[in-house]
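In UniProt numbering, the protein residues as written are 1 to 260. What follows is a single structure, written as structure tokens, with notes after it.
Given below as structure tokens:
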């Protein structure tokens, strides 16, 4: 049975983050994810989870200046201490809120840096993250992000993710597979999911182009959701899209593909 989640960082943005939990419940979701929950206290989030009978299934390790156009932390030589501190903050939130999985964003290759030292820094930081997260029974995942939306991102496609898994060599580490980003990179979504499902720990979806809700673009979600429901994949599948209009009017796909 697919565990369907909704991303509160990209959906229900018509209201402040603290008010999005109740909207998730009202639209029938049991699981939520938040990219960076740190604007709220652990106590605020726990109260909302309890009041709305929700589970928080994924958060990101703080990524420094990445979301503001900077290079981020995990793959940037010289920022190892900042990454370690970010990881410790994330673990505080994840353990207190029973978050089963944490995403590590690789970051970008700085314009004045060579690629190999960045990849070595990333693999070292991922090894540290695996060691620290596994101690708390938390699943570490890392995400491929397309190079159009985020130029110079260090892990942009399946092949690069496979190389990083090989470099890190930790059995707990998995890919976070975002269907939108992989479609932007020209991957065939259904076949790449099937071929790599054993190495995937979390799945997110939005249509492409546009990064809006399913059935607004060109990705064949009827086939993809059918395959996922029949597969042995036991992780979460999360809606992470920008609604074309009002968030509450963007869930036709949920009734269509997830009636149960």
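All C-beta atoms, glycine included, are put in the ideal place defined by N, C-alpha and C.
Cutoff 7 Å; reference residue i; Cβ partners in own chain excluding five residues on either side
i           : result
residue 17  : 8, 39 and 40
residue 185 : 146, 156 and 157
residue 22  : 52
Rounded separation between residue i and residue j - CA only
i           : j           : result
residue 182 : residue 143 : 10 Å
residue 289 : residue 146 : Nothing can be reported for residue 289: it is not among the residues displayed for the chain, which extend from 1 to 260.
residue 188 : residue 160 : 16 Å
residue 213 : residue 242 : 7 Å
residue 195 : residue 206 : 20 Å
residue 35  : residue 124 : 23 Å
residue 78  : residue 109 : 12 Å
residue 166 : residue 80  : 21 Å
residue 47  : residue 113 : 44 Å
residue 171 : residue 122 : 17 Å
residue 175 : residue 162 : 9 Å
residue 233 : residue 37  : 26 Å
residue 135 : residue 128 : 11 Å
residue 224 : residue 93  : 32 Å
residue 70  : residue 32  : 27 Å
residue 254 : residue 82  : 39 Å
residue 14  : residue 215 : 22 Å
residue 258 : residue 227 : 13 Å
residue 126 : residue 111 : 22 Å
residue 164 : residue 190 : 22 Å
residue 263 : residue 101 : The question about residue 263 has no answer, for the chain in this structure spans 1 to 260.
Rounded distance between the beta-carbons of residue j and residue i, thought under 8 Å
i           : j           : result
residue 238 : residue 5   : 4 Å
residue 217 : residue 208 : 5 Å
residue 119 : residue 66  : Not confirmed; about 17 Å, so no contact.
residue 30  : residue 49  : With 8 Å as the limit, residue 30 and residue 49 do not qualify as a contact, their Cβ atoms being about 11 Å apart.
CB contact below 8 Å: residue i versus chain B
i          : result
residue 66 : The structure shown contains no chain B, having only a single protein chain.
6 Å Cβ shell around residue i - same chain, five flanking residues per side excluded
i           : result
residue 204 : 178, 238 and 240
residue 96  : 42
residue 117 : 77
residue 11  : 247
residue 149 : none
residue 68  : none
Proximity winner among the options, relative to residue i (alpha-carbon distances)
i           : options               : result
residue 211 : 245, 235, 199 and 192 : 245
residue 247 : 3, 2 and 27           : 27
residue 152 : 232, 50, 115 and 13   : 115
residue 91  : 80, 173, 193 and 132  : 132
residue 44  : 134, 19, 32 and 236   : 19
residue 168 : 101, 235 and 130      : 130
residue 236 : 192, 56 and 180       : 56
residue 138 : 180, 50, 173 and 224  : 173
residue 140 : 225, 99, 13 and 257   : 99
residue 198 : 231, 224, 215 and 225 : 231
residue 249 : 2, 24 and 3           : 24
residue 229 : 150, 193, 251 and 10  : 193
residue 219 : 256, 180, 252 and 191 : 180
Residue i: CB within 7 Å of a non-hydrogen atom of the ligand GDP
i          : result
residue 56 : For the structure depicted, the ligand GDP is absent and the ligand set is empty, with no information on it obtainable.
Cut-off 8 Å between Cβ atoms - residues of its own chain near residue i, not counting five sequence neighbours on either side
i           : result
residue 251 : 27 and 213
Below 8 Å, can you find three or more Cβ-Cβ pairs linking the segment 71 to 78 to the segment 98 to 114?
yes
Does the contact criterion of 3 or more C-beta pairs under 8 Å hold for the segment 81 to 98 versus the segment 56 to 63?
yes
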